[in-house]
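Taking the numbering used here, I'd label the letters of the sequence shown as residues 2 to 545. All C-beta atoms, glycine included, are put in the ideal place defined by N, C-alpha and C. A short write-up of the structure that comes next.
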Amino acid sequence: MTGIMSALKGFTSPNVYDEVPDGGWGWMVAAAFFFVEVFTYGIIKIFGIFLQDLMTDFNETNSRVSWVVSICVFVMAFTAPLSMVMSNRFGYQPVVMLGGLLISLGTITTALTNSITEMYITMGIIAGLGYCLTFLPTVTILSQYFSKRRSLITSIASTGECFSLLALAPAMNALKEHMGWRNCLIVIGVMQASIIICGALLKPIVIKPKPAAPDGSTSPLKEPESKYDQENELTRTSLGSVDSGVQSVTSSQINLSDGQESTEENSAEKKALKEKEEEENKHRLLPETPLKQEREDSSASRPKLLDFSVLRDASFNCYALFGLFATLGFFAPQLYVIELSVSRGVSRDSATYMLSAMAVAEILGRLSMGWVLNRRPIRKIYILLICTVLLCPVLVIFTFVTEFWGLMSCSCFYGFLLGTVASSHIPMLAEDDVIGIQRMSSAVGVYACIQSFAGLAGPPLGGFLVDMTDNYGSAFYSCAAGMGVGALFLGLVRPAKSGLCLWRRRNDQQTTDRDSSSQGSDYDFVEMDMEIDNGPAKSKPWPV
């Protein structure tokens, strides 16, 4: 039992580093994030293999069955602030483990449902909430373990969903044909339980910079202080503070070192006074300083549960609007590219290769984006802007091509550019151009919550346009329009950040100038009074 408790304590205790490790236990966190991607976004992407079976068994339309995925994605993104509140309150490990349990439970119970409405609850709400509690905390703590190689590692680990589309989709499709869709969903639910193990690997990280080395000093009077440090480690950080009372000890030491040049008798008296004062301070500080320091450390290290103050940041608002509109372009191509290809004369068997081409190109796009963003020096947000702008013409070209290789080329270009944007838009929050790594844990929840509305409205909007025009290309036009508006807001992020910093700098400068001018006026006024008091008229007696 003792061994089990010590092992559990080892998994829950934080990893302490003096700087961001860019490796170490972070490699285990990256591996955990890869499998989280496989069993979250990867399963959502391959859920389309069950659509035809669900329509047949439940006698439902395509649109009603498609709402299962829409509700799941919406719940996953809309409840993102909840996941960050729970992560800040309880830690990343228990939250992700709870999410893995909900995902597995939701998928298994989906196999036991008797109507599509029940599936809205099991797959849409229960599993969707589990996806929320799993994905965002994992990508957030991964960003804390890496700094210089953050973009590259995040891009590599995020290829898990592409791997699921390439390997898991055909395997689950074959299993479905052999066992039926219900048993296949049970197998997927059991596999998703491995997320609980991935959550256990997300050990918290604490960065404690090394204390600055003291200036070289040969004074022997420094030795008692260092010995006091070693014996009372809890009070080490308070020895230089003004409010702790130790400043008087330091001051007395300086005075004593200066007084060594005086007579032997004065030196002995000062040493005695110094030892007495040090003993009194030692007895007075020991019961108070550790508790005070512990309270200060805990209050400083405890993050806010939910910080909506990021909405006052103009650059974050622009970036959130970019995510809202750009998300409209993430759904329709994968949902409608097969039907678009069939409507252009391509056989359905050949049209299925479009999704495979998108998956392979998306992997290359994610890896390329990670490699490019890892180079220094580079303004990462501009690279994301270029990729977002290039997505617009690719989506429009989809509607003009009419043969297999043209559609295949568009699918490859779209998959590559989608991989660059999808792998970097959330980690980009950690950059100083947007919000910074210190506030990312709060900002990512708010960002995903805003983005969720596009995830809910994207598929129904594309389906509505297709029904109105009887043309699958209409859905691609809506995606291109949303991506263009998103690129516009993304282009405003950097100017908004620079303008806000400039405004704050000017405001601080004006405040400083006002304070200095008021102090100067007071000084001039006093000086004038002194001149009047000391003037020659005052020095002569009045005539009698």
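So what does DSSP say about residue i, is it helix, strand or coil?
{"i": "ILE206", "result": "strand"}
{"i": "TYR18", "result": "strand"}
{"i": "ALA31", "result": "helix"}
{"i": "PHE147", "result": "coil"}
{"i": "HIS179", "result": "helix"}
{"i": "LEU493", "result": "coil"}
{"i": "TYR473", "result": "coil"}
{"i": "VAL74", "result": "helix"}
{"i": "TRP68", "result": "helix"}
{"i": "THR328", "result": "helix"}
{"i": "SER425", "result": "coil"}
{"i": "VAL435", "result": "coil"}
{"i": "THR155", "result": "helix"}
{"i": "GLY25", "result": "coil"}
{"i": "PRO461", "result": "helix"}
{"i": "ASP468", "result": "helix"}
{"i": "LYS211", "result": "coil"}
{"i": "ALA194", "result": "coil"}
{"i": "ASP314", "result": "coil"}
{"i": "ASN60", "result": "coil"}
Leaving out five residues on either side along the sequence, give the residues of the same chain with a beta carbon under 7 Å from the beta carbon of residue i.
{"i": "ALA449", "result": "ALA78, ALA81 and LEU137"}
{"i": "CYS388", "result": "LEU418, THR421 and VAL422"}
{"i": "GLY125", "result": "VAL69, ILE72, CYS73 and VAL76"}
{"i": "ASP19", "result": "LYS209, PRO210 and LYS211"}
{"i": "TRP372", "result": "LEU153"}
{"i": "ALA444", "result": "VAL311, PHE317, LEU430 and ILE436"}
{"i": "LYS223", "result": "With a pLDDT of 43 at LYS223, under the threshold of 50, the modelled position of this residue cannot be trusted, and the question is left open."}
{"i": "ILE47", "result": "SER165, LEU166, LEU169, ALA170 and MET173"}
Using C-beta distances below 6 Å, list every residue in its chain close to residue i, excluding the 5 sequence neighbours before and after it, in chain order.
{"i": "MET56", "result": "VAL66"}
{"i": "LEU408", "result": "SER342 and VAL402"}
{"i": "LEU391", "result": "LEU418"}
{"i": "ILE451", "result": "ALA321 and LEU325"}
{"i": "GLY27", "result": "TYR146 and PHE147"}
{"i": "ILE207", "result": "The residue you asked about is not Ile; residue 207 is Val in the sequence shown. So the qualifying residues of the chain are PRO15 and VAL17."}
{"i": "ALA488", "result": "THR389 and VAL390"}
{"i": "ARG349", "result": "VAL343"}
{"i": "GLY100", "result": "GLY131, LEU134 and THR135"}
{"i": "LEU374", "result": "SER152 and LYS381"}
Excluding the five sequence neighbours on either side, which residues of its own chain have a C-beta within less than 8 Å of the C-beta of residue i, listed in chain order?
{"i": "VAL494", "result": "SER316, CYS319, TYR320, PHE323, ILE382, ASP434 and VAL435"}
{"i": "VAL338", "result": "ALA352, MET355, LEU356, MET359, PHE399, LEU408 and SER412"}
{"i": "LYS177", "result": "ILE50, PHE51, ASP54 and CYS185"}
{"i": "ALA158", "result": "ALA31, ALA32, PHE34, PHE35, GLU38 and LEU143"}
Residue i to residue j, Cα distance in whole Å?
{"i": "VAL311", "j": "TYR354", "result": "43 Å"}
{"i": "LEU167", "j": "LYS211", "result": "46 Å"}
{"i": "GLY485", "j": "ILE384", "result": "16 Å"}
{"i": "LEU130", "j": "ALA194", "result": "15 Å"}
{"i": "PHE414", "j": "PRO15", "result": "42 Å"}
{"i": "VAL347", "j": "GLY459", "result": "26 Å"}
{"i": "ALA172", "j": "SER499", "result": "50 Å"}
{"i": "SER88", "j": "PRO461", "result": "32 Å"}
{"i": "LEU37", "j": "PHE309", "result": "The question names Leu, but residue 37 is Val in the sequence shown. Going by the C-alpha atoms only, they are around 27 Å apart."}
{"i": "LEU457", "j": "VAL191", "result": "27 Å"}
{"i": "SER453", "j": "PRO22", "result": "33 Å"}
{"i": "GLY446", "j": "VAL30", "result": "20 Å"}
{"i": "LEU102", "j": "LYS204", "result": "18 Å"}
{"i": "THR41", "j": "PHE164", "result": "12 Å"}
{"i": "PHE405", "j": "ARG345", "result": "9 Å"}
{"i": "CYS393", "j": "GLY483", "result": "9 Å"}
{"i": "ALA128", "j": "ILE122", "result": "9 Å"}
{"i": "ILE197", "j": "MET469", "result": "45 Å"}
{"i": "THR160", "j": "LEU466", "result": "31 Å"}
{"i": "VAL140", "j": "THR155", "result": "8 Å"}
{"i": "VAL188", "j": "MET370", "result": "34 Å"}
{"i": "PHE331", "j": "CYS480", "result": "8 Å"}
{"i": "ARG440", "j": "LEU83", "result": "16 Å"}
{"i": "ILE117", "j": "ALA497", "result": "46 Å"}
Give a yes or no on whether the minimum CB-CB distance between residue i and chain D is below 8 Å.
{"i": "ASP23", "result": "Absent from the structure is chain D; it holds one protein chain and no more."}
Check your understanding: Are the segment 417-436 and the segment 46-56 touching, with three or more C-beta to C-beta distances below 8 Å?
Key -> They do not touch, by the three-pair rule.
Practice item. Decide yes or no for the touch test of the segment 469-486 against the segment 94-102: beta carbon pairs closer than 8 Å, at least 3 of them. Key: no
Point to revise | Three CB pairs or more closer than 8 Å across the segment 102-114 and the segment 181-201 | key: They touch, by the three-pair rule.
Check your understanding: Does the segment 136-153 come close enough to the segment 346-363 that 3 or more CB-CB pairs lie under 8 Å?
Key -> no
Point to revise | Within the segment 339-423, ranges of the alpha helix (DSSP H) (whole runs, at least 4 residues) | key: For the segment 339-423, the continuous alpha helix (DSSP H) assignments of 4+ residues that do not extend past its boundaries occur at 349-352, 354-374, 381-398 and 405-423, in sequence order.
Exercise for review: Identify every run of the alpha helix (DSSP H) within the segment 80-152, keeping only runs that are complete inside it and at least 4 residues long; order them along the chain.
Suggested key: 81-91, 93-111, 117-120 and 128-146
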